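Following: one structure in structure tokens, then a few remarks.
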Amino acid sequence: MASSLIDQFVLESGESLSEASDALLELEKNRNDPDAVDRLFRALHTLKGNAALFDLQAIVNVTHIAEDILDTIRKGQQEMSSPLADVIFSVIDHISAWVAAIERDGRLPADAATVSDELRARLREFSIHDMKSGPAAAADFAWASEVPAHAWLDIAKQDQPLIAVLYTPDEGCFYSGDDPLQIMRDLPGLCALQVEFRAAPPALQDFEIYTCHLKFMALSTFPLAEVAAYCREYKDQIAVKELATEIPEQSPEVLDATTFRQIMSAQLKILELPNLLAGNQSRLNAALQNIANALAYMKLDAAREQFAVMQDNISHENDLATLRQFVSSLLEDPQAGQAGEQTGKRAETSGKKFLQVEQSRIDQLLNLIGEMAAARNNLQYLAEHAEKVSRELSLELKDRAALIEHITQEMQDIAVGFRMTSLSSIFKRLPRLVRDLSKELDRKARLTIEGGETEADRHVIDTLSEPLLHMLRNSMAHGIEPSDERTAAGKHPTGAIHIKAYHHNNQLIIEVEDDGRGIPVQKVKNKALANGIVSTEEAERMSDTDALQLIFHSGFSMAEKVTSLSGRGVGMDVVKSTVENAGGRITIHSEVGVGTRFTLALPLFIAAAQMMTVRVAEQLFGIPMQQVQQSLRIPRKSIRKIKKTETFVYRDSILPLLRLHALLDIPAAEQDDMAVMIVRLHHGLVGLAVDDFSNPVEVVIKPLSGILKTVSNFSGSALLADGSVLLVLNLEELVHGHQIH
Amino acid sequence: MAIKYTDEVAVFEGKCTLHEAEPLHAWLKKTPQGKIDLSGCQYLHTAVLQVILVARPAVAAAPADAWLNACLANDSG
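Chains as they are written, first to last, in my numbering: chain X, 2 to 742; chain G, 1072 to 1148.
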């Protein structure tokens, strides 16, 4: 397969699978939702079509059967059931894995055919059609149209939609305890029963009494699904068929739009002829008939109805004018008369055109715009320098720089907008997770999502995906109590998990809240003590808020993993570090017996970041603005040593003072006044001593590459206006290794 | 036994299970003119039914059960 074709296939299949998963969840909630069945059917149908283009038989075969079953649900012949949903989910999961394999290796995994066969076998359990295409498929149901009167229990039922059942029991069925007559008498909705020898019976003398020689023909008034479900146990001996109660209406051939327009245009000319009502009635009638036929062939039902009313009321020249107007409007847009949804959908899609662009291309563009912004800064720098040479030149340069700044800013905004995606793309996966976990953990939970339309940078959203899954798992496994426990506590037996997303102060906020048992602080402290994360003294001193933060400690999560179900580690430390690496923060609020709420705050964009710059030994370093609390100067003499750590007083509390040059292992000059940047870290506020503060900058941070990748002290680098490189400090890592006593 | 045999009539009473098929078969072979009285029959196993259908004895009294009637009528012609 050509690479671009694979990409297209992967992209479209991903969309279809996601749509199928959504629709199936919906259908599981509301088993009679015709829209959800349709969506699921269409998604699998598209998937099948795409797979067929690439001859991916494993996908084609399994989606084909799934489609068949869904078709019976669409027709109301059976309902979606939880076991069937499980199998279809399993189909979706396997196809997702196969599509991933195709993207990676360009082909299906080796076991795809076997897995596909297994899935098909599981699906067949739910296939009504398979009942018909089984060993008894060749069964002739001609008898069903001529059931003699004596076979009917209630002859009045013969006008109802009926299901015909032909049962040819195994000859040895008596030995397995079957009593075919009884089986037929118990058939749901039985209304007629006939018994025949399947072949001319032997003479009485030679009759084998323990061999079943009979076959049974029955009619039922019950729905096919129910009859088929009853017969499933005797699947290879019974054939079931729905009898047609009416001859389907022959659908007229559909005209193409051009022919339709030609016909309508000709009729319009006739309608414009003079004296139609007075002397040319026959021509008028012919035209009216032609219009009616054309509308019928085009299946324009709404227009047909409208036309029928007009046709009955043509008595005046004004009526003809209205009719001409009606025909003209149809010439312009044949769908014009079609009311409701169809028109709505057209309107929705006709206005905008969309292009699908690979994300990496947008990133490339954004990077270039970022570079351009840096070059623009360079120009400003140059303009300031030029002032020493010529004030006039400097002013002109500044003028140009301002223009370029304006343009690049606009470009940056637009390019960042390209990457803005709604959170619904990741929220979509969550209902499925809750459903699966509900089953796995035997907890009842209802997930509600608010603000799925909230947008953020694609990278931010991608970063969020895993932490969100972790948090949901955490809520399901540890928050939501089993139903009986909830009922005993006076709560609703079904737990509630609410996810809310919104923008606040140019940040993306996501709250994950459950109404579960909450986190008992003492238990957290005990566990942290047992795992050696805190000492007894520290645990005693710790406030409840601080104690809750312990659940984000890697040592804490490690212990949790051992007891977590299905080997799924909760790993809240991973959640915290992922969020913080993306420049975000996570906070927790929990109340025993009431529930727990995690709040994530992330930057809306990762592209441009606000940095505070500081100087150490003539080198410039960047500190992400969201970590900066305050910059201040403190006299050397106010620094106190507690054990081995230097401290100082900040707003009535004692903060540890860390010297950046020591952390970075750079020699530093001693000064009387120390420049201290108060920064907010995991453990709380810390004072960071630097040589001097510099200006805040807005920069595009690039991850470190090459051998620098392994340096954990820096989270990335950015190009500054003067062309120098700013290294962005990873303060958590830097301070982590430095034990504060 | 749910079937009581007289010289001429086999009287079915209550539930006639699989085990009735063999004695009925033997009786019908021995008594070609024998009649059956199904009026008290509440249940008939398929094996018994097919013995009746193959032997087609005269029915002295029809079963009260409508379905059984339908079955016996079906293949009688």
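Virtual Cβ for every residue (Gly too), placed ideally from N, Cα, C. Quick caveat, the model's predicted, so the values are computed rather than measured.
With a beta-carbon spacing of about 6 angstroms, E243 (chain X) and I164 (chain X) fall inside the 8 angstroms limit used to define contacts.
Runs of beta strand (DSSP E) with 3 or more residues, each lying fully within the segment 501-582 of chain X, are found at 508-515, listed in chain order. By the Cβ neighbour-count rule, G173 (chain X) is exposed, with fewer than 16 other Cβ atoms within 10 Å of its own. Looking only at X:L621, X:A670, X:L686, X:R616, the smallest Cα-Cα distance to D653 (chain X) is reached by X:L686. With contacts defined by Cβ atoms closer than 8 angstroms, R433 (chain X) and S83 (chain X) do not form a contacting pair. Looking from the CA of E388 (chain X), the closest CA among X:E80, X:Q620, X:K399 belongs to X:K399. Comparing alpha-carbon positions, the option among X:A145, X:A150, X:W153 lying closest to Y168 (chain X) turns out to be X:A145. C-alpha of I239 (chain X) to C-alpha of T212 (chain X): approximately 18 angstroms in a straight line. In the three-state reduction of the DSSP assignment, S128 (chain X) falls in the coil class, being assigned neither a helical nor a strand state.
DSSP places E451 (chain X) outside any alpha helix (DSSP H); the residue lies instead in the beta strand (DSSP E), whose first and last residues are 446-451. Less than 8 angstroms separates the beta-carbon of V580 (chain X) from that of L603 (chain X). Not flagged as an interface residue toward chain X: W1098 (chain G), since no C-beta distance is shorter than 8 angstroms. Of the residues assessed, G107 (chain X) falls on the exposed side of the cut-off, its CB having fewer than 16 other CB atoms within 10 angstroms. Beyond the five residues adjoining it in sequence on each side, E451 (chain X) comes within less than 6 angstroms, by CB distance, of K501 in the same chain, given in chain order. For Q263 (chain X), the enclosing alpha helix (DSSP H) begins and ends at 258-272. Taking all protein chains in view, the Cβ of V712 (chain X) is surrounded by fewer than 16 other Cβ atoms within 10 Å, so the residue is classified as exposed. Exclusion of the five residues before and after P202 (chain X) leaves F208, H214 as the residues of its chain whose Cβ lies within less than 8 angstroms of its Cβ.
Scanning its chain for C-beta atoms nearer than 8 angstroms, with the 5 sequence neighbours on each side dropped, one finds around A200 (chain X) the residues H214, in chain order. Approximately 6 angstroms separates the beta-carbon atoms of V63 (chain X) and R121 (chain X); this is inside 8 angstroms, confirming the contact.
Selection X:P625, X:I271, X:V166, X:N276 evaluated against A230 (chain X) yields X:V166 as nearest (Cα-Cα). For V1122 (chain G), the chain X residues whose Cβ falls inside 9 angstroms of its Cβ are L205, F208, I210, in order along the chain.
Ranked by how close their Cα comes to the Cα of A1141 (chain G), the residues X:I271, X:L28, X:L191 have X:L191 in first place.
Under the three-state reduction of DSSP, A24 (chain X) is assigned to helix. Taken in chain order, the complete alpha helix (DSSP H) segments of 4 or more residues contained in the segment 310-340 of chain X are 318-333. Going by beta carbons, G584 (chain X) and P636 (chain X) fall outside the 8 angstroms limit.
No Cβ-Cβ contact shorter than 8 angstroms links A219 (chain X) with Q78 (chain X).
In this structure, the CA atom of E456 (chain X) is about 14 angstroms from the CA atom of I415 (chain X). The bridge partners DSSP lists for K1086 (chain G) are G:Y1114. Around the beta carbon of A670 (chain X), fewer than 16 other beta carbons lie within 10 angstroms, which makes this residue exposed. In this structure E393 (chain X) is exposed. Its beta-carbon is surrounded by fewer than 16 other beta-carbon atoms within 10 angstroms.
Per the Cβ contact rule, the segment 23-35 of chain X is not in contact with the segment 49-57 of chain X (fewer than 3 Cβ pairs under 8 angstroms). Secondary structure at P35 (chain X): helix, using DSSP grouped into helix, strand and coil. Among the bridge pairs identified by DSSP, H479 (chain X) is matched with none. Using a CB distance cut-off of 8 angstroms, E1093 (chain G) counts as an interface residue toward chain X.
The beta-carbon of T1117 (chain G) is placed less than 8 angstroms from the nearest beta-carbon of chain X. C-alpha of L633 (chain X) to C-alpha of D674 (chain X): approximately 10 angstroms in a straight line.
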